[in-house]
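Student: Chains as they are written, first to last, in my numbering: chain A, 220 to 473; chain B, 220 to 473; chain C, 220 to 473; chain D, 220 to 473.
Note that beta-carbon positions come from the ideal geometry of N, C-alpha and C, so glycine has one too.
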C-alpha cells in the first residue's frame, strides 16, 4: 500500500508542495523542482509576467501540477476575485487561499480568510487556505468545506521553524481534512518535525529557493519529509528524563 | 565527490552508527540494520552470550563492521581492561569508550573517561569516546588522540533529542576530529538537527530498536541523516522574526 | 513617577489581574487576593450563586475592583447578552470578553470574538478581550476600540507558559493599547517572561488558585510581575553564544 | 521560620550572590549591590588594583561579605595558589573556585576543577566551584567535600539563560549540598526559573552590571529570586496540553 497524500479525492505523488517565489533563475527553479520530487507547485497570478510566460514552461517541463495562490490580497473580496481569475488562467479549481492581514509579517487575516474560504467553496473551488496555527480557525475552515488546512509554523520567509508545535498537534487532532504545514520552514529538521506532528504534507518556498544551493536543499527537504512521515508511523519511543525514569518528561516543572 | 564519514583514515559508507541493544529479536535487528543503511554497529562485549553467538552472525550477514563498546564500566581501569578483551574477541582496535558515572542516568564520568581515553590511545586503540556535551572535555579528548568525539544529546534511552544544541555547535567549532552525536535521539528530526549542527554522524540505538516498527524507524533515520547532512552543506536561510525584519531573530529579548 | 498600568484612562495599582475560579474556599481565595496585591479580579456571572453571594463579599472586603467575564459563551450573541447582564449586575461597563470556540481547549473563537467586541464597544463597554496570540486579530480588536488586548500564552489551565513568545512580542509592537497576557501562566518565571516581552500586565487564575499553597504562589506572582516589569525597563544585556562572540546568538542555525 | 540559604553552616540573608565585574563605576556598583539585597559579593583577586582598594571600601560600606574567586586560572595548580593568596588577602576561607578550560567561552575545565577542589578542601577551604551542568561532575565535587556546587546555565556573559534545565534539575536531585546557578542569567525570568528548578541560590554579574540601568536590574533580580523560591515551595500546577487533558504534556511526541 502506497502512503500518499490525498486532497479532494486526488492522490499526489509527493507530500512536499513547493512555492516558486524567490528563485534566482528559471534554471535554478527547475533544478530545485526536480530535486524536491514535488508533484505540486504554487504560482502567484500577480507575479506572472504575461510577456514572459516561461515560469509556466518550466512547470510544464517538470511535469508537475500548478496550485495558483492569491498572494498579495488583503481582503476577502480581492482574494475571491483573484481566485476566479486564476481558475480561468490556469484551468484548475484548486487554489491556495491567502488573505494577508499585515504587510510586515504577511500573517493571515483569519476573519477575512474565513469569509473568502466560504465563498470560494460555494463557488466550487478546492480551497487550501494558508492560516494561522489557531485550532479553532482551522476547525472553522474545515467546517465550511476547505479541502485541507495549511497552518503556518512561523511567518513567511522567517525560517523560524515551528514556533508552537502544540498548536499544530491540536489542529491535527481536531480536523479530519489534510493538514499541510505552510510557512516558517527553514531547514530539513523543521520539515521532519512537521510530519512527526502528524501533518500530511509541507509547503515551503524560500527555504529552498533562497538557500545557497537550492537544488541540494530541495533534495534535503524531499528526504526530510519522507523521514518525518516514516517516523510518525513507526511509533517513536516516549520522551523520558532518563531511560530508567518511571514517568515521561512532562512531569518536570517547566 | 562522495561526501563520506572518515574516521581514523577510513571511509564509512554511512553517517549513521547503530547500537544493537534493545532489539526484540535478531530478526527484528537484522531488518533494522538493513533498513538503516549503516556500515558500523556497536556491540557490548558484556552482553554477548558465548553460548549463543548469533548476534555476530546477524552482523556478519548484514556485511557491516563491529564497533565494540565498554558499556557497563564505571572506572577507567575497568574500561581499559574490557577494551583489551574486546580487541582480542573482535579483532578490531576500534572501541566505543563508555565510562559511566551514574547508574540512573548512565551519564559519562568525564574524569575517568579522559584517563581511559589517554591510556587506550597509548595502547594503540582507535578511541571513540561517549562523552558529555561539554566543549572543554571534548577538546581534551581530541587532544589526547581520540579518533572522534561522541557527545550526548540527552541521556541514553531518554528520547529527549538534543537538549543543548549550543554546546554541540561549540564542540563542532572547537575540535577537528569527527563529531558523532551519541545518545538522546528519539525521532528523525532529532537526527536531522544533529547533522545540521555540523555533526559528522549520529549514533543511536533504542530510538530504532524500541520503536513500534524498528525497521521503519531505521529507514526514517537513514533518510533524516541524509537530509540533515545535505541541509548543512546547502546553506540555509537565516532565521528572522519575519521576512522583512532587518536583523536576525537573536535580537529578541529571550 | 509611578509606573502603573493604565486601562481606559484609569490607573490600576497592580499589573496583576487575578481570576477567582478554582479556589478551594473563599478563605483561600481571600488570602490569595491579598497576597497577590491585585487591584482587579475577574468574576464569571454564570458561576455566581445568587443564593450565596459571598464571593462578592470577599472581593469587597479585599477592596479590589470586579471585572466580570463572559466565560461559557460560544457565540457573539451570547457573549453580548451576558455582558449586558453583567453590566447591570455589577454596575461596571468593564468586561473581560470571552467567546470560546472549542470546549476541550477553551481556545477563543476569533471570528465571533471580533464581532462581539465591535458590538460591545458600540454599546459603550470597556472591552478587554481574551484572544489568541495572533497579531493580526489583536490589531483588529484594538482597531474596533477595545481598551486592551489579552492574548493567551497557552490554553486556559494548561500551565504551559508562553508557547510562542515571538507572537506576544509582535503583538506588543503592533498595538498601542495595553497588552495583558491571559491564560497559560503556570509559575512565576512565566509571569516574569510575559512582562519582559513587553506586556503591560498579566491575568492568571488556576496557577494561583490550584497551586498547593495558593497564597504563597500569589505572592510569588506579585514579585514576578514586578521583577519582569523592572527587567523590561532596565535594558537587559544581549544574548550571545558566549561573552566574546561578535554577533548575537540569533546567527546560529536553529 | 525564615527560609534562608545555608552554606557551610552559615546563614546568608539573601539567595542572590552578586559578581562585581563589569560595573561602569564604583558608584554604579554600590547602587546595584544595595538594590540587589545581596549578602555576598565575589571579587577577583587578579583584578584588584592594590593602589586603589576602593572596591573593598564599597563592599565594606554596603555591609556585605566578600567571596574571592580564582578567575583567570587555567590549571588546578594556579587556582590552588591563588586561593591561598586570597585567603590571606581577604581573611576568609571561602573561595569561588574557577578553573577555566577555554578562553573564548570561559567554560570550566572539569578535570582540573575536580583536582583543585579536592586539594582546597584538604587545605581547609570552604569551596564553591563554578562547574558545568554535568550531574556526574557535580556529584564528584560534592563527594570531595565542596560546600556547594555552582553549575552554569550558559557561558559567562552570554545572557542565554538556562540552556539545559533538565541537567540543573538532575543536579538538584543528585547532590545534598546547596546548588547555586552560576553564569548565563540574562534577565529576571532566568533567575526565577533557576529557583523553580530547585536551585538554592543564583550568582550573576554582567546581567546586572552591564544592563542599561544596573540598579533597576538588580532590584528585578532580587524580586525574581524571591518569586522563584516562593513558587518552588508553593507547589505549582502540572503542565498539561490543555486543562481537560488527561495526561501531562510530556506525552506529546516532541
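Taking only beta-carbon positions, decide if residue 233(B) is within less than 8 Å of chain A.
Tutor: By this cut-off, residue 233(B) is not an interface position.
Student: I want to see whether chain B comes within less than 8 Å of residue 458(D), judged by CB atoms only; does it?
Tutor: Chain B, which has no Cβ nearer than 8 Å to the Cβ of residue 458(D), makes this no.
Student: In three-state DSSP terms, what is residue 421(B)?
Tutor: Residue 421(B) falls in the strand class under three-state DSSP.
Student: Have a look at the DSSP bridge pairing and note the partners of residue 369(B).
Tutor: Residue 369(B) pairs with 349(B).
Student: Does any residue of chain A have a CB that is nearer than 8 Å to the CB of residue 385(C)?
Tutor: Answer yes: the Cβ-Cβ gap between residue 385(C) and chain A drops below 8 Å somewhere.
Student: Within the 8 Å Cβ cut-off, does residue 359(D) reach chain C?
Tutor: It does not; no Cβ of chain C falls within 8 Å.
Student: I'd like the ranges of any beta strand (DSSP E) spanning at least 3 consecutive residues and lying wholly in the region 413–461 of chain A.
Tutor: 420–423, all fully within the region 413–461 of chain A.
Student: Using the beta-carbon count (16 or more within 10 Å), is residue 280(D) buried or exposed?
Tutor: By the neighbour-count rule (16 or more Cβ atoms within 10 Å), residue 280(D) is not buried but exposed.
Student: Where does residue 472(A) sit, in a helix, a strand or coil, going by DSSP?
Tutor: With a pLDDT of 46 at residue 472(A), under the threshold of 50, the modelled position of that residue is not reliable, and no figure is offered here.
Student: For residue 327(A), which residues in chain C fall below 9 Å Cβ to Cβ?
Tutor: Chain C residues near residue 327(A): 353 and 355.
Student: Out of 388(A), 349(A) and 337(A), state which residue places its alpha-carbon closest to the alpha-carbon of residue 320(A).
Tutor: Among 388(A), 349(A) and 337(A), the Cα nearest to that of residue 320(A) belongs to 349(A).
Student: What did DSSP end up calling residue 238(A) once you bin it into helix, strand or coil?
Tutor: Three-state result, residue 238(A): strand.
Student: Is the Cβ-Cβ distance between residue 264(C) and residue 304(C) less than 8 Å?
Tutor: Against a cut-off of 8 Å, the Cβ pair of residue 304(C) and residue 264(C) comes out as a contact.
Student: CB residue 436(C) to CB residue 450(D), shorter than 8 Å?
Tutor: In this structure, residue 450(D) lies closer than 8 Å to residue 436(C) by Cβ.
Student: Cα separation between residue 232(C) and residue 253(C)?
Tutor: The straight-line gap from Cα to Cα measures roughly 13 Å.
Student: For residue 474(C) and residue 250(B), what's the separation of their Cα atoms in angstroms?
Tutor: Residue 474(C) cannot be examined here, being either before or after the span of chain C that is shown, 220 to 473.
Student: Under 8 Å, do residue 295(A) and residue 234(A) count as touching if we go by C-beta distance?
Tutor: Their beta carbons are not under 8 Å apart, which means residue 295(A) does not touch residue 234(A) by this criterion.
Student: How far does the beta strand (DSSP E) with residue 230(D) in it reach, from first residue to last?
Tutor: 229–231 is the span of the beta strand (DSSP E), which, as asked, contains residue 230(D).
Student: Compare the C-beta of residue 473(B) against all C-beta atoms of chain C and say whether one is closer than 8 Å.
Tutor: Caution is warranted here: a pLDDT of 44 is assigned to residue 473(B), below 50, making its placement in the model unreliable, and the coordinate value is therefore given only provisionally. Closer than 8 Å: yes.
Student: Counting only beta-carbon separations shorter than 8 Å, does residue 470(D) have a partner in chain B?
Tutor: Low local confidence applies: a pLDDT of 44 at residue 470(D) is under 50, so the model's placement there is unreliable, with the coordinate-based value given in what follows. Residue 470(D) does not count as touching chain B.
Student: Roughly how many angstroms separate the alpha carbons of residue 370(C) and residue 326(C), rounded to a whole number?
Tutor: If you take the alpha carbons of residue 370(C) and residue 326(C), they lie about 11 Å apart.
Student: Note the first and the last residue of the continuous beta strand (DSSP E) segment covering residue 318(C).
Tutor: Premise fails: residue 318(C) is in no beta strand (DSSP E) and is neither H nor E.
Student: For a contact meaning CB atoms closer than 8 Å, what does residue 161(B) contact in chain D?
Tutor: Residue 161(B) is absent from the structure shown; chain B starts at 220 and stops at 473.
Student: At a CB-CB cut-off below 9 Å, which residues of chain B make contact with residue 320(D)?
Tutor: 353, 354, 355, 356, 358 and 359, listed in chain order.
Student: Using the rule of at least 16 other Cβ atoms within 10 Å of the residue's Cβ for burial, across every protein chain shown, is residue 317(B) buried or exposed?
Tutor: It is buried - the Cβ of residue 317(B) has at least 16 other Cβ atoms within 10 Å.
Student: Which same chain residues, not among the five before or five after residue 255(C), have their C-beta less than 8 Å away from its C-beta?
Tutor: Same-chain partners within the cutoff: 233, 235, 237, 427, 437, 438, 440 and 441.
Student: On the CB-based measure, 16 or more other CB atoms within 10 Å of its CB, does residue 401(A) come out buried or exposed?
Tutor: It is buried - the Cβ of residue 401(A) has at least 16 other Cβ atoms within 10 Å.
Student: At which residues does the alpha helix (DSSP H) containing residue 301(B) begin and terminate?
Tutor: 295–309 is the span of the alpha helix (DSSP H), which, as asked, contains residue 301(B).
Student: Along the alpha helix (DSSP H) that carries residue 333(A), what are the first and last residues, could you check?
Tutor: Here the alpha helix (DSSP H) through residue 333(A) covers 329–341.
Student: Would a check of beta-carbon distances place residue 391(D) closer than 8 Å to chain B?
Tutor: Output row for residue 391(D): interface = no.
Student: What distance in whole Å lies between the Cβ atoms of residue 420(A) and residue 380(A), which are believed to be in contact at a cut-off of 8 Å?
Tutor: The Cβ separation is near 17 Å, so there is no contact.
Student: Leaving out five residues before and five after residue 258(B) in sequence, what residues of the same chain have Cβ atoms less than 7 Å from its Cβ?
Tutor: Here the set comprises 231, 232, 233, 283 and 284.
Student: As a quick exercise: from 430(C), 424(C) and 443(C), pick the residue whose alpha carbon is nearest that of residue 418(C).
Tutor: Closest by alpha carbon: 443(C).
Student: On the three-state DSSP scale, how would you describe residue 404(A)?
Tutor: Coil, per DSSP.
Student: Identify whether residue 226(B) lies in helix, strand or coil by the three-state DSSP scheme.
Tutor: Of the three classes helix, strand and coil, the one that applies to residue 226(B) here is strand, per DSSP.
Student: Flag this pair as yes or no: are the beta carbons of residue 448(C) and residue 414(C) separated by less than 8 Å?
Tutor: Yes, these two residues count as a Cβ contact at 8 Å.
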